[in-house]
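To convert a position in the sequence shown, counted from 1, into our numbering, add 174.
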Amino acid sequence: MYNSKVQLRYSFRLYPTSGQQEAVARAFGCARVVFNDALRARREAHAAGLPYPSDGDLSKQVITEAKKTSERVWLGEVSSVVLQQALADLNTAYRNFFASVSGKRRGRKVAPSRFRSRKDSRQAVRFTRNARWSITAGGRLRLPKVGDVRVRWSRDLPCDPSSVTVIKDAAGRYFASFVVETTQEPLPEVAAEVGIDLGLTHLAVLSDGRKVTSPKFLRRAERRLGKAQQALSRKQKGSANRRKAVARVARMHARVSDARRDHHHRLSTQLIRDNQAVYVEDLAVNALARTRLAKSVHDAGWSRFVGMLEYKAARYGRTLGKVDRWFPSSKLCSACGTAAEAMPLNVRTWTCPCGAVHDRDVNAANNILAAGRADRLNACGGTARPAA
Numbered sequence: 175m176y177n178s179k180v181q182l183r184y185s186f187r188l189y190p191t192s193g194q195q196e197a198v199a200r201a202f203g204c205a206r207v208v209f210n211d212a213l214r215a216r217r218e219a220h221a222a223g224l225p226y227p228s229d230g231d232l233s234k235q236v237i238t239e240a241k242k243t244s245e246r247v248w249l250g251e252v253s254s255v256v257l258q259q260a261l262a263d264l265n266t267a268y269r270n271f272f273a274s275v276s277g278k279r280r281g282r283k284v285a286p287s288r289f290r291s292r293k294d295s296r297q298a299v300r301f302t303r304n305a306r307w308s309i310t311a312g313g314r315l316r317l318p319k320v321g322d323v324r325v326r327w328s329r330d331l332p333c334d335p336s337s338v339t340v341i342k343d344a345a346g347r348y349f350a351s352f353v354v355e356t357t358q359e360p361l362p363e364v365a366a367e368v369g370i371d372l373g374l375t376h377l378a379v380l381s382d383g384r385k386v387t388s389p390k391f392l393r394r395a396e397r398r399l400g401k402a403q404q405a406l407s408r409k410q411k412g413s414a415n416r417r418k419a420v421a422r423v424a425r426m427h428a429r430v431s432d433a434r435r436d437h438h439h440r441l442s443t444q445l446i447r448d449n450q451a452v453y454v455e456d457l458a459v460n461a462l463a464r465t466r467l468a469k470s471v472h473d474a475g476w477s478r479f480v481g482m483l484e485y486k487a488a489r490y491g492r493t494l495g496k497v498d499r500w501f502p503s504s505k506l507c508s509a510c511g512t513a514a515e516a517m518p519l520n521v522r523t524w525t526c527p528c529g530a531v532h533d534r535d536v537n538a539a540n541n542i543l544a545a546g547r548a549d550r551l552n553a554c555g556g557t558a559r560p561a562a
């Protein structure tokens, strides 16, 4: 069963004035200093063999007492909620690290926290409801000690947000990311189900025979990106021209990322709307990204696409099933179930001894659909194998 409540993020572009940009930059800097001071205090305590400072002691040391010193008096120029949220981020990082080391956290191992730098490509601060931020009647975002910032509202918020995060990306753009908790919006049930075989030439091959060509946004922009990066390499470090060149390369990468994200959103929305259940293969993207196909794998963006399918299925009452990555979807005949001994990548069409002629990718999508249905029936108490 699905949960009745889902948490979503809504992001909107911000257009702060020059004065507001300076205020936001102060907030970025103060939050970064508090985070680094707290991390340093915990590392020093660990090196001395002392217990970690509690959250209350740490807050008192790096915020309350630090504001009284001449070196940190400027911490009072920003909202105190921003500083507290920086400590909360550090606590979350430590909890995730310890859970990963002890084996309680699944997935990739989490590295220890590192110091934040003012040269990081992404800067962010979070305002909770305690900061008393608000949306004005004129549609501006009112932030404490920043002012009323102009927002480009592309859609309405479904409910009152619990927090807002102000983000500055590598391209110098500002965004407001709202966290909202909303109820499910189940779509009318349909009979269709689909299996998806993810690939590089075709981003998605569906079990009904449709093939979605991969747009390859990075490959298409590669020539222009190469020239921009070559021009960047020739600029003197620390110069104004180098900063401009860095911003230009970041803007070009942002356009590629935005185009890819828009394409994934459109395709995932269509698949979730048209099918009651969607089945995909649980690919080892991290491992594939270390091969000679790394650039093409990153350009395809499989992980983000599957992530979109996952949260949209949860939101709209659909089912998303993941088939084990070791399932031989390409070598298995979808008609008789016979497995071929080998299936090199250059073989795109093959004939089974039973006489069935298969398109490699469509056959894999059909096998993923059948395996996903079988796993779903078994999870719901069905038979061990689907009927022939």
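Glycine included, C-beta positions come from ideal geometry on N, C-alpha and C.
Considering only V471, Q450, L457, the residue with the shortest C-alpha distance to K486 is Q450. Fewer than three pairs of CB atoms, one per stretch, sit closer than 8 Å, so the region 500-519 makes no contact with the region 465-473.
Q297 has K342 as its beta-bridge partners, per DSSP.
The C-alpha of V480 lies about 42 Å from the C-alpha of E251.
When Cβ pairs closer than 8 Å are counted between the two stretches, the region 256-264 is seen to touch the region 208-220, the count reaching three or more.
Boundaries of the beta strand (DSSP E) around S351: 348-357.
A451: member of the beta strand (DSSP E) spanning 451-455, first to last residue. The beta carbons of V353 and Q195 sit about 24 Å from each other, so the pair does not count as a contact at 8 Å. The three-state secondary structure of G277, taken from DSSP, is coil. Listed in chain order, the non-local C-beta contacts of V521 below 7 Å within the same chain comprise R534, local neighbours out to five positions each way being set aside. Three or more beta-carbon pairs separated by less than 8 Å are not found between the region 229-240 and the region 266-286, which leaves the two stretches without contact.
Counted as a single uninterrupted DSSP element, the stretch harbouring T493 is not any alpha helix (DSSP H) but the beta strand (DSSP E) occupying residues 493-497. Within the region 370-451, the complete beta strand (DSSP E) segments of 3 residues or longer fall at 376-380, 385-387, listed in chain order. In this structure, A424 lies away from V299, with their beta-carbon atoms at least 8 Å apart.
Distance between S388 and L377, taken at the CA atoms: about 4 Å.
Its chain contains D473 as the residues whose beta carbon lies nearer than 7 Å to that of K390, once the 5 sequence neighbours on both sides are disregarded; these appear in chain order. A contact between stretches requires three or more CB pairs, one per stretch, nearer than 8 Å, and the region 418-436 meets this requirement with the region 333-352. Bridge pairing for K179: T357 [DSSP]. Around the C-beta of K342, 16 or more other C-beta atoms lie within 10 Å, and the residue is accordingly described as buried. Excluding five sequence positions before and after D549, the CB atoms of its chain that fall closer than 8 Å to its own CB belong to G495, V497, given in chain order.
Proximity of the region 324-338 to the region 282-294 falls short of the contact definition, fewer than three beta-carbon pairs being nearer than 8 Å.
For G321, the uninterrupted beta strand (DSSP E) run begins and ends at 321-326, by DSSP.
In the structure shown, R290 falls within a coil segment according to DSSP collapsed to helix, strand and coil. With respect to the C-alpha of A463, the residue from N540, E359, G475, R417 having the closest C-alpha is G475.
L361 is positioned such that its CB atom lies no closer than 8 Å to that of G546.
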